[in-house]
Amino acid sequence: MSPPSKLPVLADPPRADPSGEWSRRRFLQAGAATAALAAAAGCKPEAVVEELRRRNFKELTGADLKDLLARLEKKYSAEYGKAVTVGAAGPMPGVNFGYGLDLSRCIGCRRCVYACVKENNQSRKHPQIQWIRVLQMEKEHGVDLAHATPYYDPELVPEPGHFYMPTQCQQCRHPPCTKVCPVKATWKEPDGIVVIDYDWCIGCRCCTAACPYGARKFNWAEPELPAAEMNPVTHYLGNRPRPKGVVEKCTFCIQRSRAGRYPACVEICPVGARKFGNLLDPKSEIREVMDRKRVFVFKQELATEPQFYYFYAT
Amino acid sequence: MRSRIPLVALAFLAALGLAGPPPSAASEPARPGPQVPAHSAATADAPAGPLDIQAEPPPFTEGIFPCSQCHDRAVDAKPKQLAFHDEIQASLHHGPPSRWCLDCHDNSKRDFLHLINGELVPFTESYRVCGQCHGDKYRDWRVGVHGKRIGMWNGAKTYFLCVNCHNPHNPRFKALKPLPPPVPPQDQGFNGAPPPSTQEKAP
Amino acid sequence: MGILEFLKGAARQVASGGRTYKAWVALLLGMMAVGLVGYAKQYRLGLIATNMRDQVTWAFYVGNFTFLVGVAAAAVLLVVPAYVYQWKPMKEVVVLGELLAISALTMCLTFILVDMGRPDRLTHIIPGLGSPNWPSSLLSWDALVLNAYLVVNLSVAVHILYRAYRGESYAKWFVVPVVLLSVPMAVGIHTVTAFLYNGMAARPFWNASILAPRFLASAFCSGPAVMIILFQILRKTTGLEIKDEAIWKVAELMAYAMFFNLFLLGAELFKEYYSRTEHLLYTEYLWSGIGDKKALVPYAWFSLAASVVAFLIFLIPRTRRNWTTLNLGAVLIFAGVYIEKGMGLVIPGMTPDTLGEIYEYRPTMNEWMVAIGVFGLGGLVFTVLIKTAVPIMQGTFRAPGAPAPGAGSAFAAH
């Protein structure tokens, strides 16, 4: 099958394409998308070209992926004025991540919240996006959301009579969010992380409605990320800068954990309340937690089977 | 001129220093601490001994170690009021009121701590001293359930010693000032103020 | 060509009319202009121009969408008695119901479009071009059934009207099965929309089996209310013959639907208040508020009162047949169901949110503008369709050379 001729809207001349990627399906997609975009994209040629080239991340292979990452690196480096890398490391074999949070230790200092924001390039304002939300609860009521608040602001923490429960994406084994996404923009990876393809998400917020843990955050406007604060070491499915109108959430610092490093929240916690490791390794910290301590999961009655475990070490 | 910075304050600052975002700590290898002798990998049931994974160095006051530069002989072991290190003695609050320096610090060899049976323990293995009374915490700490680690979850990691977080002379954690609460949803919008131009990014 | 003639003729029909008609069209165009201005700001800034936030992530737009799916489904109400009970006056006005469904569906799809964070990525949901998540995503099902229902209604209405325009009768082999198919499809679109909410375990207010039946019951109340008022307008302004019995029958069926709706509401309230689990919080927020957060309470009680009064009006034959009370009832039932679907369903489902926070949502001026624009669009679509269809039905809009209306009229032979 001969490849179709040049599309008139391309700003650059098309590259020679030995892999035959310009299949009929892509041609149709390009044609239909052009029509859709003529009205919608505000007629910026670069934006139109980008949308035309888009495919669901799971369908990208080899050379396509490399090209895409190179284009993104170039784009982000120009935008932020520093050398940005965009990786797409896959899951390590034999790894299924587990996370432990020690409720007997957390003092509600919120250093995890801000370490995460710095590591993962969230929008700082309009909206302020924080993947971790720490709830202050009352010891009298236990884990009771009707008597919880994330807006506590005393001089010192912990406040007497209260305890603290940080919440973030629970990386469920049966995620309600991936079930409802209409375009397969979010899915669960083999190492347990539930990821989002920010360039495929249509911003319908079904997943945000379906998540029982309030983990998903939406870019209600163009994210405000100061270049000086931008973390240039990024992952396509993790902490690369997001566009307006898409959903994002905790990815267990996929850019770190897939390189063998602890997530930023684990490393910053001053009281050692956060534990992370490979559930398939019997010697890992998280397995030791599950063997020795009283472990529970949040909203267990919903049978989401999170890979995020709360426990009491004492 | 000997540094007069109280050890208490420095240990507290060391603990607080962990609370700030340490990207440098995460991206560079941890500072090499004092040599830790290699042993077989510790398990929860193995007899107490030094661990073979890099630990953070003990938070000494600048210039205070080795102690033998001042202390060259054993003294009368009876508890008394100190002239030097008196600020530590004043803040000493670790268990019963009868707690006294030489309960942990060795009398004749001040560069070491000692276990209850008299065995000498270097400062880099101070966790063995703590583990005598706090055995459950020690067992949890050895497998990473208690305490803090940074580095690689599947490789080289730095354990924090007990004393890196808990001041041994006054171990109870002090309360911290929390970082700011999140912006509530009604304040997330532009609320009348003109939004920044969407074309440019802040330099 | 025949179709070009038809379109030119239709354009002439739409462009001609009295002063009231022209004022009406001007109003609709004005509403659309307002909507475009609002949407331009929203498109530029992002959905931050609304008052939706992570805590209440679906609100005004989705509430309107849900209500209008009900209106579209209710077109079916006219088909069922017409074909099941073989009642002659109804058949003549089935087409008008389908035209209402088309307009409502246009509004539904537009409300979804304005609610999306990335409308430029709409193609991602289309099979072949994108990657729709069948069968697990209810929203991808909704996209399918809504568009299919739109196609069904469009094809049947256009076919019947075009044939009538040419003085020919419609093809029974095509129309009858497709119209009968549209009955379960109408039930389907509203059930799928209900399932969209129903399936979310994260939102206990929605995660109730009663949701799908309640949706259907309230749908059958809202759509026909529009038809009742519309029929009266058309009778006066165009001389289109619609018998009183047709209108009264519609009202009577609505009474039964509203009874069922109120019964299901009662069943829900019993379960929540008697069992008194944690899930009572959402119902409490709606009907009595939590602490000082009471924004929805007046709307909840007004909606209930309006629904009960309308039910009684439609139930009692004397008030049903009195044109004043009938129209009052239609307005009340429309308002009652509108509030029930928007403020009574979408907002309490998300308040308190999944972490117990109460964010009291109110639409921004921007959201009002966009919604007004969408209703203007729907109104304009409906007006254009009606302005073309009614003259065809009356026989005054015919293809050149077509036989005069009479025994050969499409609306006589079946």
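Protein chains in written order, with this note's numbering: chain A, -4 to 309; chain B, -3 to 199; chain C, 606 to 1019.
Every residue, glycine too, gets a C-beta built ideally from N, C-alpha and C.
Bear in mind that the values here come from a model prediction, so they are computed numbers and not experimental data.
Residue i at chain A interface by Cβ criterion, 8 Å
i: C:M948; result: no
i: C:R726; result: yes
i: B:N150; result: yes
i: B:D82; result: no
i: B:P262; result: This structure does not reach residue 262 of chain B, given that chain B is present from -3 up to 199, and the question cannot be answered.
i: C:P1026; result: Residue 1026 of chain C cannot be examined here, being either before or after the span of chain C that is shown, 606 to 1019.
i: C:I730; result: yes
i: C:S814; result: no
i: B:I146; result: yes
Of the listed residues the options, nearest to residue i (C-alpha basis)
i: A:D97; options: A:C201, A:C206, A:T162 and A:A259; result: A:T162
i: C:F716; options: C:I997, C:G983 and C:G1000; result: C:G983
i: C:A910; options: C:M863, C:P789 and C:S742; result: C:M863
i: B:P92; options: B:C66, B:P53, B:H165 and B:V179; result: B:H165
i: C:V913; options: C:N812, C:L901, C:F820 and C:V936; result: C:V936
i: A:F293; options: A:E262, A:Q302, A:R287 and A:M285; result: A:Q302
i: B:T120; options: B:F108, B:E58 and B:H162; result: B:F108
i: A:V152; options: A:P207, A:R105 and A:Y208; result: A:R105
i: A:V290; options: A:C260, A:A308 and A:P238; result: A:A308
i: C:F825; options: C:L835, C:N738 and C:E857; result: C:E857
i: A:V175; options: C:F916, C:T842, C:V797 and C:L785; result: C:V797
i: C:R925; options: C:I852, C:A807, C:K946 and C:Y904; result: C:I852
i: C:V750; options: C:P789, C:P782 and C:F916; result: C:P789
i: A:F92; options: A:V266, A:R253 and A:Y305; result: A:R253
i: C:F916; options: C:I952, C:N932, C:P903 and C:G735; result: C:N932
Any chain B beta carbon closer than 8 Å to residue i
i: A:R256; result: yes
i: C:D659; result: yes
i: C:Y648; result: no
i: C:Y666; result: no
i: A:A84; result: no
Residue(s) in a DSSP beta bridge with residue i
i: A:L96; result: A:R269 and A:Y305
i: A:W182; result: A:V190
i: A:T229; result: A:V81
i: A:Y159; result: A:Q131
i: A:R50; result: Paired residues: none, contrary to the question.
i: C:K898; result: C:I895
i: B:T154; result: B:I146
Cutoff 8 Å: residue i Cβ touching any chain C Cβ
i: A:P40; result: no
i: A:F213; result: yes
i: A:C201; result: yes
i: B:P181; result: yes
i: A:H121; result: yes
i: A:E114; result: no
i: A:I197; result: yes
i: B:Q85; result: no
i: A:N51; result: yes
i: A:R105; result: no
i: A:E217; result: yes
C-beta contact flag for residue i and residue j at 8 Å
i: C:N803; j: C:A817; result: yes
i: C:G934; j: C:I944; result: no
i: C:M805; j: A:A204; result: yes
i: C:I730; j: A:P88; result: no
i: C:G643; j: C:N971; result: yes
i: C:T882; j: A:Y208; result: no
i: C:V674; j: C:A762; result: no
i: C:V975; j: C:Q647; result: yes
i: A:L140; j: A:I191; result: no
i: A:C107; j: A:R269; result: yes
Buried or exposed (CB count within 10 angstroms, at least 16 for buried), residue i
i: C:M832; result: buried
i: C:A860; result: buried
i: C:V756; result: exposed
i: A:E300; result: exposed
i: B:S104; result: exposed
i: C:D720; result: buried
i: B:P78; result: According to the sequence as given, residue 78 of chain B is Leu; it is not Pro. Under this definition B:L78 is an exposed residue.
i: C:A654; result: buried
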